[in-house]
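Undergrad: Would you mind keeping the following structure in view while I ask a few things?
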Amino acid sequence: MNGERATDGLFRKNTVLYSLMVVSPVIVCGNTIKNALALIYVFSAVTFLSVMVSSFVPSKIPYTLRVIIYASVSSLIYIPARIASDMFFPDIAQRIGIYFPLTAVNSLIVIHSEKKFFKMKRTQMAVSLFCHILGFDAVMLVTAFFRELLAYGTINSRMTDIDVLISGLGEPFGGFIFLGLLCGVYRKLSSVSGNKNGGGKNFSDK
Amino acid sequence: MEQVKKDSKGLQHWTDIMVTLLTLELMAFFYYGTHALANAVVCTAVSFTAEVICARLMNRHFSTDDLWCISDALTVSLMMPAVMDYRISAIACIFSVTLAKNVFGGKRNMIFSPPAAAYIFTLVSWKTKLLQYTPPHVHTDIFAKAENLVDSASRVYNLTGKMNYTDFEILMGNFSGPCGAVSILLLIVSAVILILRKDISAGAFTGTVTGTALFAYLTPLMTSELNNVKYSLVTNMVLFSAVYIVSDLRVVPKSNFYAFFYGLFIAVFSYILVLTTALENAVVIISVLFAPLALAMRNLERTILNESISEKNSEGAETA
Numbered sequence: 023m024n025g026e027r028a029t030d031g032l033f034r035k036n037t038v039l040y041s042l043m044v045v046s047p048v049i050v051c052g053n054t055i056k057n058a059l060a061l062i063y064v065f066s067a068v069t070f071l072s073v074m075v076s077s078f079v080p081s082k083i084p085y086t087l088r089v090i091i092y093a094s095v096s097s098l099i100y101i102p103a104r105i106a107s108d109m110f111f112p113d114i115a116q117r118i119g120i121y122f123p124l125t126a127v128n129s130l131i132v133i134h135s136e137k138k139f140f141k142m143k144r145t146q147m148a149v150s151l152f153c154h155i156l157g158f159d160a161v162m163l164v165t166a167f168f169r170e171l172l173a174y175g176t177i178n179s180r181m182t183d184i185d186v187l188i189s190g191l192g193e194p195f196g197g198f199i200f201l202g203l204l205c206g207v208y209r210k211l212s213s214v215s216g217n218k219n220g221g222g223k224n225f226s227d228k
Numbered sequence: 032m033e034q035v036k037k038d039s040k041g042l043q044h045w046t047d048i049m050v051t052l053l054t055l056e057l058m059a060f061f062y063y064g065t066h067a068l069a070n071a072v073v074c075t076a077v078s079f080t081a082e083v084i085c086a087r088l089m090n091r092h093f094s095t096d097d098l099w100c101i102s103d104a105l106t107v108s109l110m111m112p113a114v115m116d117y118r119i120s121a122i123a124c125i126f127s128v129t130l131a132k133n134v135f136g137g138k139r140n141m142i143f144s145p146p147a148a149a150y151i152f153t154l155v156s157w158k159t160k161l162l163q164y165t166p167p168h169v170h171t172d173i174f175a176k177a178e179n180l181v182d183s184a185s186r187v188y189n190l191t192g193k194m195n196y197t198d199f200e201i202l203m204g205n206f207s208g209p210c211g212a213v214s215i216l217l218l219i220v221s222a223v224i225l226i227l228r229k230d231i232s233a234g235a236f237t238g239t240v241t242g243t244a245l246f247a248y249l250t251p252l253m254t255s256e257l258n259n260v261k262y263s264l265v266t267n268m269v270l271f272s273a274v275y276i277v278s279d280l281r282v283v284p285k286s287n288f289y290a291f292f293y294g295l296f297i298a299v300f301s302y303i304l305v306l307t308t309a310l311e312n313a314v315v316i317i318s319v320l321f322a323p324l325a326l327a328m329r330n331l332e333r334t335i336l337n338e339s340i341s342e343k344n345s346e347g348a349e350t351a
């Protein structure tokens, strides 16, 4: 499809760093690895299953109705995912708050599915969707790792002997700053890699 | 030619501000010892290095505009306790140069004062280290650890409405607080010099001082209104911020009329914040929060100027 690869969502057109989708959970909740793992689990399960199930919704139905159906499907899938998350990650859901249920209506399900995924063949769609989800998961984990280390001096709640802690990085404004820097590094890397490939199309250019 | 003129004018502003900041730094050295001086050196070195790296990353040459990173570094160091951990000062300076300044495109595209943004970042991340000070005349060596730290006079005043210092002590900076923001006499002299040499915005400075004085008189923290005016101006870094942060020509609206109201709003809101929450150094926080106001005022100025130019042009065309 327009020269796009199924694996684009992972690096070349990363869900968070390139498309700036699903940014708020990374900024607000991506400050510890435990939070990140819980969000990764719910996001991955809900998004993958919802988009796969929603792909069977006939395209003859008006767009507005289709979007409502997608949201309803993902909300239904969210219920068992949330129950299971309480078993795997007790207390985390309380800490994450509203951002946990909001994963059920994330932009991959509500907007991107219609714009991109449903225009693909189902196998290709599954691979592309998987890579987009992996792209989010990777950014979430990297962000959480560095923010937890620099803000609280821990790695997955285990103490390290870092002397100077920047506790502001654990706050949402620190998340904005860190994600902004990560986006900058990503764009720089992508432009360098674009130049190395014979100055072809720079994939940081939207 | 015009660019060269602008550059030399900018360099003159920078030199004047540097002279006043170095004087404050010297005062801090006499009051608090070599640690304060070393802190300023660390801030300057880190800021300069960060600026050079940013210039290189942004594919531009290091120009006179970039020298402002040094004055910003000195401002940051003067807003901190004399015994601040060097690493924290260094991180604050990196934040100031990279995230508060160069991310937005450098000196000509600044939204808020970089030292103020760095101060808020430090306040959020290391609140207890930032708001604990050594008393004056307690000298700390370069590598000595901070001991017997006390609350600032501003905090005591905000909480109790009492100020146990004579007017002479206040003028000479003989009370606990950020190492550069307590030398009141020097700050007054610096303000006069910088205003006369047009290095800071006279409108914003007057607005800040007027707003604080007016509100302090109308809603006193303590019984005597005049004392309240006096103490409100010398505590919470009001005077220091009025000179080096709110009146910063890089941020403030160009015309003194708009700048006055910009300063006035900042002063009024920060005073209300101090009055209601006893927040220390609220004026620095409010100056950053009011960045959109400065932007809006600058846009308004530009729009009015453009309209008047187009009106003149159309009148000229009609008469022709």
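Residue numbers (my numbering), protein chains in the order written: chain A, 23 to 228; chain B, 32 to 351.
From the three backbone atoms N, C-alpha and C, an ideal C-beta is built for every residue, glycine too.
The structure displayed is predicted, hence computed values, not measured ones.
Determine which residues share a DSSP beta bridge with Val181(B) and list them.
TA: Along the second sequence, read from residue 1 onward, the residue named residue 181(B) stands at position 150. Answer is Tyr164(B), bridged to Val181(B).
Undergrad: Considering only their Cβ atoms, is the gap separating Leu109(B) from Leu52(B) smaller than 8 Å?
TA: As a first step, residue 52(B) is located in the second sequence; it is residue number 21 there, counting from the start. As a first step, residue 109(B) is located in the second sequence; it is residue number 78 there, counting from the start. Yes, the Cβ-Cβ distance between Leu52(B) and Leu109(B) is below 8 Å.
Undergrad: Reducing DSSP to helix, strand and coil, say where Ile231(B) ends up.
TA: The count along the second sequence starts at 1 and reaches residue 231(B) at position 200. Note: Ile231(B) maps to coil in three-state DSSP.
Undergrad: Taking Cβ-Cβ distances below 7 Å as the criterion, which residues of the stretch 187–210 of chain A are in contact with chain B?
TA: Listed by position along the chain: Ile188, Ser189, Gly190, Glu193 and Ile199.
Undergrad: Kindly indicate which three-state DSSP category Arg104(A) falls into: helix, strand or coil?
TA: Looking up residue 104(A) in the first sequence gives position 82. In the structure shown, Arg104(A) sits in a helix (DSSP, three-state: H, G or I).
Undergrad: With respect to the alpha helix (DSSP H) encompassing Lys56(A), which residues constitute its N-terminal and C-terminal limits?
TA: Translated into positions along the first sequence, residue 56(A) becomes position 34. Taken as a continuous stretch (DSSP letters only), the alpha helix (DSSP H) holding Lys56(A) covers Ile55 to Ser76.
Undergrad: Alpha carbon to alpha carbon, what distance is there between Ser212(A) and Arg34(A)?
TA: Within the first sequence, the letter at position 12 stands for residue 34(A). Within the first sequence, the letter at position 190 stands for residue 212(A). Computed Cα separation, rounded: 8 Å.
Undergrad: Kindly indicate the opening and closing residues of the alpha helix (DSSP H) around Ala69(B).
TA: By 1-based counting over the second sequence, the position of residue 69(B) is 38. Ala69(B) -> alpha helix (DSSP H) spans Thr65 to Leu88.
Undergrad: Do Thr29(A) and Cys153(A) have their beta-carbon atoms positioned less than 8 Å apart in this structure?
TA: As a working mapping, residue 153(A) is identified with position 131 in the first sequence. As a working mapping, residue 29(A) is identified with position 7 in the first sequence. Cβ distance < 8 Å, so Cys153(A) and Thr29(A) count as in contact.
Undergrad: In chain A, what lies closer than 7 Å to Phe152(B) by C-beta?
TA: Along the second sequence, one-based indexing puts residue 152(B) at 121. Gly190, listed in chain order.
Undergrad: Mind listing, in chain order, the continuous alpha helix (DSSP H) runs of no fewer than 4 residues lying wholly within the stretch 164–224 of chain A?
TA: If we require 4 residues or more, the alpha helix (DSSP H) runs fully inside the stretch 164–224 of chain A come out as 194–218.
Undergrad: At 9 Å on the CB atoms, spell out the chain A contacts of Ile276(B), in chain order.
TA: Sequence index remark: in the second sequence, residue 276(B) carries index 245 (1-based). Those do not exist, as Ile276(B) stays about 19 Å from chain A at its closest Cβ, beyond 9 Å.
Undergrad: What's the gap between the Cα of Ile188(A) and the Cα of Val79(A)?
TA: Counting from one through the first sequence, the residue named residue 188(A) turns up at place 166. Counting from one through the first sequence, the residue named residue 79(A) turns up at place 57. Looking at the two C-alpha atoms, the distance is approximately 48 Å.
Undergrad: Please confirm whether Val277(B) and Ile297(B) have their CB atoms less than 8 Å apart.
TA: Against the second sequence, residue 277(B) aligns to sequence position 246. Against the second sequence, residue 297(B) aligns to sequence position 266. Result yes, Cβ atoms of Val277(B) and Ile297(B) sit closer than 8 Å.
Undergrad: Val223(B) to Thr266(B), Cα distance in whole Å?
TA: Counting from 1 along the second sequence, the entry for residue 223(B) is found at position 192. Counting from 1 along the second sequence, the entry for residue 266(B) is found at position 235. Between Val223(B) and Thr266(B), the C-alpha separation is close to 19 Å.
Undergrad: Between the stretch 246–277 of chain B and chain A, which residues of the former have a C-beta closer than 7 Å to a C-beta of the latter?
TA: Residues passing the 7 Å Cβ filter: none.
Undergrad: For Val75(A), collect the residues of the same chain with a Cβ closer than 8 Å to its Cβ; drop the 5 residues on either side in sequence, then sort them by chain order.
TA: Translated into the one-based positions of the first sequence, residue 75(A) becomes position 53. Closer than 8 Å at the Cβ level, and outside the excluded window around Val75(A), lie Val95 and Ile99.
Undergrad: List, in order along the chain, the chain A residues whose C-beta lies closer than 8 Å to that of Arg118(B)?
TA: One-based indexing of the second sequence puts residue 118(B) at position 87. By Cβ distance, chain A contributes Asp185 and Val186.
Undergrad: Please tell me whether Ser127(B) has its Cβ less than 8 Å away from any Cβ of chain A.
TA: Reading the second sequence from its first residue, position 96 is the one you call residue 127(B). No, Ser127(B) lies away from the interface with chain A (no Cβ there is under 8 Å from its Cβ).
Undergrad: Give the DSSP-derived three-state secondary structure of Trp157(B) in the structure shown.
TA: In the second sequence, the residue the question calls residue 157(B) occupies position 126. Of the three classes helix, strand and coil, the one that applies to Trp157(B) here is coil, per DSSP.
Undergrad: Do Glu170(A) and Val155(B) count as a contact pair if the criterion is CB distance below 8 Å?
TA: Residue mapping note: residue 155(B) aligns to position 124 of the second sequence, counting from 1. Residue mapping note: residue 170(A) aligns to position 148 of the first sequence, counting from 1. No, Cβ-Cβ distance for Val155(B) and Glu170(A) is not below 8 Å.
Undergrad: Whole angstroms are fine: how far does the CA of Lys158(B) sit from the CA of Met23(A)?
TA: Counted from its first residue, the first sequence places residue 23(A) at position 1. Counted from its first residue, the second sequence places residue 158(B) at position 127. Low per-residue confidence applies at Met23(A): pLDDT is 49, beneath 50, and the placement is therefore not dependable, though the value from the model is reported in the following sentence. Taking the straight line from one Cα to the other gives about 53 Å.
Undergrad: Evaluate contact between the stretch 62–73 of chain B and the stretch 108–126 of chain B, counting only Cβ atoms and requiring at least three cross-stretch pairs below 8 Å.
TA: Flag = yes, the stretch 62–73 of chain B and the stretch 108–126 of chain B touch.
Undergrad: Using beta carbons (cut-off 8 Å, strictly below), is Leu161(B) in contact with chain A?
TA: Locating residue 161(B) in the second sequence gives position 130, where the first residue counts as 1. No - not a single Cβ of chain A is within 8 Å of the one on Leu161(B).
Undergrad: Would you say Tyr117(B) and Met194(B) are within 8 Å of each other, going by their C-beta atoms?
TA: As a working note, residue 117(B) is residue 86 in the second sequence. As a working note, residue 194(B) is residue 163 in the second sequence. In this structure, Met194(B) does not lie closer than 8 Å to Tyr117(B) by Cβ.
Undergrad: Would you decide whether Gly31(A) is buried or exposed? Buried here means 16 or more other CB atoms lie within 10 Å of its CB.
TA: As a first step, residue 31(A) must be located in the first sequence, where it is residue number 9. The residue is buried, with at least 16 neighbouring Cβ atoms inside 10 Å.
Undergrad: For the structure I just gave you, are there three or more beta carbon pairs, one from the stretch 163–181 of chain B and one from the stretch 241–251 of chain B, closer than 8 Å?
TA: The stretch 163–181 of chain B, when compared against the stretch 241–251 of chain B, does not touch it at the 8 Å Cβ threshold.
Undergrad: Skipping 5 residues on each side, what residues in its chain have a beta carbon closer than 6 Å to that of Lys223(A)?
TA: Counting from 1 along the first sequence, the entry for residue 223(A) is found at position 201. Residue confidence is low: Lys223(A) scores 46 on pLDDT, short of 50, so the model does not pin down where it sits. Its coordinate-derived value is still stated next. Excluding sequence neighbours, Lys223(A) sits near nothing in its chain.
Undergrad: I'd like the list of long-range same chain contacts for Ala148(B), defined as Cβ closer than 8 Å, with 5 residues on each side in sequence excluded.
TA: Looking up residue 148(B) in the second sequence gives position 117. The residues are Phe126, Ser127, Leu130, Ala131 and Val319.
Undergrad: Suppose the cutoff is 8 Å on Cβ atoms and the five residues either side in sequence are ignored; what does the same chain contact list for Lys56(A) look like?
TA: By one-based count along the first sequence, residue 56(A) stands at place 34. Taken in chain order, the residues that qualify are Phe111, Ile114, Asn178 and Ser179.
Undergrad: Ignore the nearest five residues each way along the sequence and tell me which others in Gly221(A)'s own chain have a CB closer than 7 Å to its CB.
TA: In the first sequence, counting from the first residue as 1, residue 221(A) sits at position 199. Residue placement at Gly221(A) is flagged as unreliable, the pLDDT there being 48, under the threshold of 50; the coordinate-derived value follows with that caveat. None.
Undergrad: Just to make sure I have the definition right: I need the residues of chain A whose C-beta is within less than 7 Å of the C-beta of Leu130(B). Which are they?
TA: Counting from one through the second sequence, the residue named residue 130(B) turns up at place 99. Under the 7 Å cutoff, chain A gives Ile199.
Undergrad: Starting from Val50(A) and walking both ways along the alpha helix (DSSP H), at which residues does that stretch end?
TA: On the first sequence, position 28 is the one that residue 50(A) refers to. It spans Val45 to Cys51 - the alpha helix (DSSP H) in which Val50(A) sits, taken as one unbroken run.
Undergrad: Taking contact to mean 3 or more Cβ pairs, one atom from each stretch, closer than 8 Å, check whether the stretch 315–331 of chain B and the stretch 138–152 of chain B are in contact.
TA: Touching, yes.
Undergrad: As a quick exercise: from Arg139(B), Cys210(B), Met141(B) and Phe135(B), pick the residue whose alpha carbon is nearest that of Gln362(B).
TA: Absent from the structure is residue 362(B), since the part of chain B shown begins at 32 and ends at 351.
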